[in-house]
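K.L.:
The structure that follows is given in the form of structure tokens.
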Amino acid sequence: MQTLLIKNCAAIMTGDRVTPRAAGGDIRIRGSRIVEVGSLTAEPGDTILDARGCVAYPGWVNTHHHLFQSLLKGEPGGLNLSLGDWLAATPYRFRAAFDEETFRIAARVGLTELVRSGCTTVADHHYLYWPDMPFDGAAILFEEAARLGIRFVLCRGGATQTRTLEQALPAALRPERFDSWMADVERLVARYHQPAPDAMRRIVMAPTTPLYSLSPGELRESARLARRLGIRLHSHLSETVAYLDAAQDRFAMTPVEFCAAHDWIGEDVWFAHLVKLMPQEIALLGASRTGIAHCPQSNARLGSGIADLVTLEQAGVRISIGVDGAGSNEAADMQSEAHAAWLLQRARRGMTAVPRYAGGEFEGGGDAASIEDTVRWGTAGGADVLGLDCGRIAPGMAADIALYRLDDPRYFGLHDVAIGPVACAGRAPLRALLCAGRMIVENDQIPHCDLAGLGALAAACVKKLRQRIPGGR
Ligand SMILES: [Zn+2]
Numbered sequence: 001m002q003t004l005l006i007k008n009c010a011a012i013m014t015g016d017r018v019t020p021r022a023a024g025g026d027i028r029i030r031g032s033r034i035v036e037v038g039s040l041t042a043e044p045g046d047t048i049l050d051a052r053g054c055v056a057y058p059g060w061v062n063t064h065h066h067l068f069q070s071l072l073k074g075e076p077g078g079l080n081l082s083l084g085d086w087l088a089a090t091p092y093r094f095r096a097a098f099d100e101e102t103f104r105i106a107a108r109v110g111l112t113e114l115v116r117s118g119c120t121t122v123a124d125h126h127y128l129y130w131p132d133m134p135f136d137g138a139a140i141l142f143e144e145a146a147r148l149g150i151r152f153v154l155c156r157g158g159a160t161q162t163r164t165l166e167q168a169l170p171a172a173l174r175p176e177r178f179d180s181w182m183a184d185v186e187r188l189v190a191r192y193h194q195p196a197p198d199a200m201r202r203i204v205m206a207p208t209t210p211l212y213s214l215s216p217g218e219l220r221e222s223a224r225l226a227r228r229l230g231i232r233l234h235s236h237l238s239e240t241v242a243y244l245d246a247a248q249d250r251f252a253m254t255p256v257e258f259c260a261a262h263d264w265i266g267e268d269v270w271f272a273h274l275v276k277l278m279p280q281e282i283a284l285l286g287a288s289r290t291g292i293a294h295c296p297q298s299n300a301r302l303g304s305g306i307a308d309l310v311t312l313e314q315a316g317v318r319i320s321i322g323v324d325g326a327g328s329n330e331a332a333d334m335q336s337e338a339h340a341a342w343l344l345q346r347a348r349r350g351m352t353a354v355p356r357y358a359g360g361e362f363e364g365g366g367d368a369a370s371i372e373d374t375v376r377w378g379t380a381g382g383a384d385v386l387g388l389d390c391g392r393i394a395p396g397m398a399a400d401i402a403l404y405r406l407d408d409p410r411y412f413g414l415h416d417v418a419i420g421p422v423a424c425a426g427r428a429p430l431r432a433l434l435c436a437g438r439m440i441v442e443n444d445q446i447p448h449c450d451l452a453g454l455g456a457l458a459a460a461c462v463k464k465l466r467q468r469i470p471g472g473r
């Protein structure tokens, strides 16, 4: 088995809570696994990768995305709207405009962006399904992820009910029948799902939202099937206050209480957003060890708010980071997302400061989240939520590693280079990106990837999509 010795890293962020930084700057990899970390001596047969001037991070784990939206960045109709109106204006309005080609290019753009940010695992919440649709989105997503050599988790979305915001494009907005949706989940599990913790491909049960996408009975039934199949559960929840109103009006419960009553919380469940929660909901989520995919940039772009990760983590909620769709986050990369998570947790805490004369106890939120917390959430935290053994630089873990070069003026002047890729933001060039021990980016180049060609294809696809929407141009 081949051994690769990464030598001379300026720093190694491990993703671990107790030991967030490794002593020494070397990592030995055998096959697909990390075998040693520290100050290591080359052995006969080692292939040496000189990482002088680089910092090593675990490959990022993105736990919430909608790749089809990668061609909907900055869409003017939805640019200045909040969630409900934005959904109607952008993703739903463009849904039927996608064909096999535009869908594939969207997936390729999003995955390429992520890989170039050092991301090696992507969970895509894919809900672009309707009866008799003419292409197999799941097959395309798995193909595009395999082309890049990353781990891919398909969260099979869908709905048997529609919200009241989709008059424009009835064909692609027709809901699925519950039995055919569940049959497709079983088909996908049989075809793609790898249960082992070093999986490259996974399937997840993922109704678009528990409150709106299906009936309460179907929701419970979907959880039962997921657990019978041994797959995890994922959905959107409590992105805005509208979830609280809807759950109150329809079920006289909070959204989390509604999920709990339908077997939709637990260690095998994670929700995107969780921005607006009542205290009893945080307690329920924490006690059940349910996870969150925190999407700070999308939540900020849509004006939804900032999830309180610090309180959630203290309660026992498992924290991970997702970029969400590019239709609500024009910087869909994990370095930007981690940077935003780091800043916004501090800003959020600072917002609650009050003067001492009014009973205040602190001046600001400067200690709310460290860079190490943010890295852990975006790497090991994501891997834990997905049940994978990547996301940490430690012996025995999968060799998913990003080596960032800090040779741009943006990173000059740092007193502690380890924090550069998150603290300074921007896109640090990759000396290398490894997934399962395979080099998938070398010297900042993805093999066989023509970025200029992809840009031209994306521009042509955007034009096509705009021509296909009602009244489009
Ligand atoms: Zn989402």
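When you number the sequence shown by the UniProt record's numbering, it's gap-free, plus one each residue, and the end is 473. Beta carbons: idealized from backbone N, C-alpha and C, even for Gly.
1. Please tell me whether Pro-58 and Arg-392 are closer than 9 Å, where the distance is taken between their beta carbons.
2. Do Glu-267 and Ser-238 count as a contact pair if the criterion is CB distance below 9 Å?
3. Once you ignore the five residues that flank Ser-70 on each side, which residues in its own chain have a CB closer than 6 Å to its CB?
4. Could you tell me whether any non-hydrogen atom of ligand 1 is closer than 8 Å to the CB of Cys-295?
5. By the three-class DSSP mapping on this structure, what secondary structure does Val-61 have?
6. CB Ala-315 to CB Ala-293, shorter than 9 Å?
7. Which residue marks the beginning of the alpha helix (DSSP H) containing Ala-122, and which one marks its end?
8. With a threshold of 16 other CB atoms inside 10 Å of the CB of Asp-373, please say whether the residue is buried or exposed.
9. Can the beta-carbon of Arg-348 be found less than 9 Å from the beta-carbon of Ala-331?
10. Could you give the distance in angstroms between the alpha-carbon of Phe-98 and the alpha-carbon of Pro-207?
11. Name the residue from Ala-123, Leu-83, Ala-146 and Leu-87 whose alpha carbon lies nearest to the alpha carbon of Pro-447.
12. Have a look at the DSSP bridge pairing and note the partners of Ile-321.
13. Where does Gly-38 fall in DSSP's three states?
14. Is the CB-CB distance between Arg-95 and Ala-172 below 9 Å?
15. Alpha carbon to alpha carbon, how far is Leu-169 from Val-37?
16. Which first and last residues belong to the alpha helix (DSSP H) in which His-339 is found?
17. Do you know how far the Cα of Asp-184 is from the Cα of Met-200?
18. Alpha carbons only, please: which of Ser-304, Gly-472, Arg-431 and Thr-90 is nearest the one belonging to Gly-118?
19. Exposed or buried, what is Thr-14 when buried is set at 16 or more other beta-carbons lying within 10 Å of its beta-carbon?
20. If I measure Cβ to Cβ from Val-354 and keep anything under 7 Å in the same chain, skipping five residues before and after, which residues do I get?
21. Just to confirm the assignment: which complete beta strand (DSSP E) runs, minimum length 3, are found wholly within the segment 380-453?
22. If you pair each beta-carbon of the segment 389-403 with each one of the segment 45-64, do three or more pairs fall below 8 Å?
23. Just mark His-339 as buried or exposed, buried being the case when its beta carbon has 16 or more other beta carbons within 10 Å.
24. Straight-line CA distance for Leu-457 to Val-61?
25. Under 6 Å, CB to any heavy atom of ligand 1. Which residues pass, going along the chain?
26. Any contact between the segment 411-424 and the segment 174-190? By contact I mean 3 or more CB pairs, one from each, below 8 Å.
27. Taking contact to mean 3 or more Cβ pairs, one atom from each stretch, closer than 8 Å, check whether the segment 18-34 and the segment 81-89 are in contact.
28. Looking only at its chain, what residues have a beta carbon closer than 8 Å to the beta carbon of Ala-300, apart from the 5 residues adjacent to it on each side?
29. Rounding to the nearest angstrom, what Cα-Cα distance links Cys-155 and Leu-388 in this structure?
30. According to the Cβ coordinates, are Thr-121 and Phe-152 closer than 9 Å?
P.N.:
So, from the listed chains and residues:
1. A contact, by the Cβ cut-off of 9 Å.
2. Cβ distance not < 9 Å, so Ser-238 and Glu-267 don't count as in contact.
3. If we look at Ser-70 and ignore the five residues flanking it on each side, its Cβ neighbours are Ala-106, Val-109, Gly-110 and Ala-326.
4. yes
5. In the structure shown, Val-61 sits in a strand (DSSP, three-state: E or B).
6. no
7. Looking at the sequence itself, residue 122 is Val, so the reference to Ala does not match. It is not in any alpha helix (DSSP H) - Val-122 instead sits in the beta strand (DSSP E) that spans 119-126.
8. buried
9. Not in contact: Arg-348 and Ala-331 (Cβ atoms no closer than 9 Å).
10. 20 Å
11. Ala-146
12. As a beta-bridge residue in DSSP terms, Ile-321 pairs with Asn-62 and His-294.
13. strand
14. Taking 9 Å as the Cβ cut-off, Arg-95 and Ala-172 qualify as a contacting pair.
15. Bear in mind that the predicted position of Leu-169 carries a pLDDT of just 49, short of 50, making it unreliable; the figure below should be weighed with that in mind. Going from the Cα of Leu-169 to the Cα of Val-37 covers about 54 Å.
16. 334-351
17. 20 Å
18. Nearest C-alpha to Gly-118: Arg-431.
19. buried
20. Gly-360
21. With a minimum length of 3 residues, the continuous beta strand (DSSP E) runs that stay inside the segment 380-453 are 401-405, 430-435 and 438-442.
22. yes
23. buried
24. 27 Å
25. Here the residues come out as His-64, His-66, His-125, His-236, Ala-272, Asp-324 and Gly-325.
26. no
27. Contact between the segment 18-34 and the segment 81-89 is absent, with fewer than three C-beta pairs closer than 8 Å.
28. Ile-306, Ala-340 and Leu-344
29. 15 Å
30. In contact: Thr-121 and Phe-152 (Cβ atoms closer than 9 Å).
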